[in-house]
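The structure under discussion appears below in the form of structure tokens.
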Amino acid sequence: MLGAGMAGLFAARVLAGSFGEVVVVDRDVLTAGNAPRRRVPQGKHVHGLLARGQQVIEELFPGITQEFIEGGAAHGDVTGNVRWVLDGRPMRQPYSGLQVVSASRPLLEDRVRARVAALTNVRFLERHDVVEPTVADNGRRVTGVVLADDNGARHTLDSDLVVDATGRGSRTPVWLTEWGYAAVEEETARVGLGYTTRHYDIPDDAMGDDLSLHVVASPAAPRGAVCARVEKGRTVVTAYGVDGDHPPTDEEGFLAFLASLAAPDVHQAVLCGRPLDDLVPYRFPANLRRRYERLRSFPEGLLVVGDAVCSFNPTYAQGMTVAAVGATVLREHLARPDGPRAAEFFADLAREAVDVPWSIAVSNDQARLGLADPGSPDQRQASRITAAAALSDDVAVVYARVVSLLDPPEALGSPEFAALLDAADGVAGPVADTRKVLQVTTGGLTFDVETAGPADGDVAILLHGWPHCFASWTDVVPVLNRAGLRTIAPNQRGYSPKARPERVEDYRLPLLAQDVLGIMDELGVARAHVVGHDWGAIVAWYLAAQHPDRVRTLTAVAFPHLDAYQQAYRVDPEQQQASKYIDLLTAEGSTEYWLADDAARLRELLAGADNALAPEQQARYIDFHTRPGTFHASLNWYRAGTILDGRSALGKVPVPTTFIWSEEDESVSTMAAESTGAFVSGPYRLVTLKGVSHWQPQEVPGLVAEEILRVVAKETR
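Numbering follows UniProt numbering, in which position 689 of the sequence shown is assigned residue number 689; successive positions increment by one, without gaps.
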């Protein structure tokens, strides 16, 4: 057995069932599982093990999945615990029942090698290079190999069968021509891939219950990245690009590359973490396939497996799975009465192990390189599938099974799958021109309420903060609508002209929450996904704590649980300092102060460096708040004393909750933000942003929308 990589180990396992002795030869020092091998340069990078590969390896080595887990591997469901972002859209995350593990290459290889070494008829010969095979009958039969140790001493090892698993650099094609055989046909498919990897210590709450994040490269955005939990509490991050567009190996450049991806998931996770090692690059020029199945003759006593037959773009994580499946093909041929015949073996290897992943890798790479016509039926169908996977649990599971090599690509063309796509198209619906503003009367007040999206979609209630209005959600709404959500965004009490009581006490928190419930009742909404920013988050926290029967999920942006805030205010100097702005908003004559000189101070507030509002956004809010009575009424929310009076204890929130907070937000202290989880009894996720201001829905609307959709997907699966 030439080569002690994964393909060689899998092959050695099945060879042990047919031969009295199996010798595994490798030129490397076979290290323990703590470090990559010197001659496996990709060993430091992300190594994905597809669900089919996981199943085959478990069949070859019963109980090894548990050994991976005991060694520290993260594990979970292939869709439920793996976050896929396709074409910039998060795929639905239903549970599929398919287990996967996430671990480093050294751990996986160490556990598999230990199982192979435990076989009594297998021995390892490390630090030996293969000089050449020995042949008989004028090259028609291979009889062994000439080996050289690391001192250069040579000796011959006779064998009944030689299996080459020496990888992409295999010398079998050269040996064949030296023995007089036709040159093996080689196919290459250029990709120009480069990736850069680093390990991080990333807090658990940065990834929730996801064991890995995949921002998948696409034709429109050919950069991608993977962020995966592995053993020893580490997280490995690999960013990649094609056609020479490679991630840099300096800190600033690497982070900028991650920030440029179609979705912020990996970038934000990395910003929450601490680097553990240096950035390491790797280059992969092209997919390579050697067509041994097309040779008319081949020497007896020699077979080739693994990357020595076909080497794929590693971002598709197919290599180990193809090697494992190839070992089962080898086992089938070893069991034949007359032993393996090269022509039949290579034909079956191509059909059962190589053809499908090769097709997937090459077609996807052509699309990423811009070599595929985006208007072709295949590309239009691919775009339709990824869009539907963001909307439909069923589509997501079928898609995941195909890319995991469990089901053939034909599953994506079946009538049953076509029906799923049609249903998902109906969920998506058109989003253009669906926004309209309704007048909704409840409790004697009439509110301006913007609605958008499919009329029969699940509902998301969007509650704005100060000094905003429902327009603060302008860039978030289309993303939610495309995902099938109906959005309802009211201008709240005081912000709607016909919902503007004069008394300050009419702006107490229970009344603000009752407004939302009344709007839901009038619009026929029994339960909703509730989202709030700033003051809207305070109302949202109240609804989720006091009326959980009406709230499906909660996404709070910028403001923590009110109890956590008030607790921090009592003891935390940072929060006490951060809360001083409230004095300016509640002081005598505050309305006149902020609106004097054509609202100069309000303009200054909105244009402040920490706010990061675009000029057109600033102008929108200035126009809104300089309308008669609006700004004065908006300050009544502060004058009512809800934030600091300590009388509005909410209690714990039992619904699935996400809290989005930025470290650069000057109004909320770290203590208040990080203690919020103690006031949530349901599933909870804290998303900590860096380099983002208090106005997240305007500054990073895509990220906010994605987090909303993520908690929605978790609740509805």
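The beta carbon of each residue, even a glycine, is placed where N, CA and C say it ideally should be.
Item	Value
Collapsed DSSP secondary structure at residue 615 in the structure displayed	helix
Proximity below 8 Å, CB of residue 694 to CB of residue 667	yes
Any 3 or more C-beta pairs closer than 8 Å across the region 464-479 and the region 527-537	yes
When 336, 407, 328 and 531 are compared against residue 360, the one with the closest alpha-carbon	407
Backbone secondary structure at residue 360 - three-state DSSP	helix
Secondary structure, alpha helix (DSSP H): runs of 4+ residues fully inside the region 576-642	581-586, 590-607, 615-625 and 630-639
Any chain C beta carbon closer than 8 Å to residue 394	Here there is only one protein chain, and chain C is not present.
Three-pair Cβ contact test at 8 Å for the region 249-261 versus the region 221-241	yes
Per-residue DSSP class, three states only, for residue 148	strand
Sequence-distant residues of its chain with Cβ nearer than 8 Å to residue 547 (five each side left out)	513 and 517
Alpha helix (DSSP H) runs wholly inside the region 166-202, at least 4 long, in chain order	172-178
Start-end ranges of the beta strand (DSSP E) lying completely within the region 446-485, minimum 3 residues	459-463
Distance CB(residue 479)-CB(residue 705) smaller than 8 Å	yes
Rounded C-alpha distance that separates residue 127 from residue 3	11 Å
Identity of the residues DSSP links to residue 132 by a beta bridge	146
Straight-line gap, residue 703 to residue 561 (C-alpha atoms, nearest Å)	21 Å
Same chain only: Cβ atoms within 6 Å of residue 229, ignoring 5 sequence neighbours per side	74, 102, 211 and 235
Span of the beta strand (DSSP E), counted from its first residue to its last, around residue 286	280-290
Touching by the beta-carbon criterion (3+ pairs, under 8 Å), the region 196-203 and the region 296-308	no
Where the beta strand (DSSP E) containing residue 542 begins and where it ends	Premise fails: residue 542 lies in the alpha helix (DSSP H), 535-546, not in any beta strand (DSSP E).
Residue 696 (DSSP reduced to helix, strand or coil)	helix
Residue 339: CB within 7 Å of a non-hydrogen atom of the ligand ZN	Among the components modelled here there is no ligand, and therefore nothing to report on the ligand ZN.
Cutoff 6 Å; reference residue 544; Cβ partners in own chain excluding five residues on either side	551, 554, 653 and 655
Status (buried if at least 16 other CB within 10 Å, exposed otherwise) for residue 80	buried
Other residues of its chain near residue 132: CB distance less than 6 Å, five sequence neighbours each side excluded	146
Extent of the continuous alpha helix (DSSP H) to which residue 684 belongs	Not the alpha helix (DSSP H): residue 684 falls in the beta strand (DSSP E), residues 684-689.
contact_flag[the region 625-640, the region 494-512] where n(CB pairs < 8 Å) is 3 or more	yes
For residue 229, the residue or residues it bridges with in DSSP	235
Range covered by the beta strand (DSSP E) that runs through residue 53	Where residue 53 is concerned, there is no enclosing beta strand (DSSP E), although the alpha helix (DSSP H) it sits in stretches over 51-60.
Segment limits, beta strand (DSSP E) that includes residue 655	Element bounds for residue 655: n/a, residue is neither H nor E.
Inter-residue spacing [alpha-carbon to alpha-carbon] between residue 709 and residue 349	42 Å
Backbone secondary structure at residue 702 - three-state DSSP	helix
Contact the region 410-422 vs the region 55-67: 3+ CB pairs below 8 Å	no
Same chain only: Cβ atoms within 7 Å of residue 284, ignoring 5 sequence neighbours per side	191, 193, 313 and 314
Endpoints, alpha helix (DSSP H) assigned at residue 383	377-389
Assigned secondary structure, residue 487 (DSSP; H/G/I helix, E/B strand, else coil)	strand
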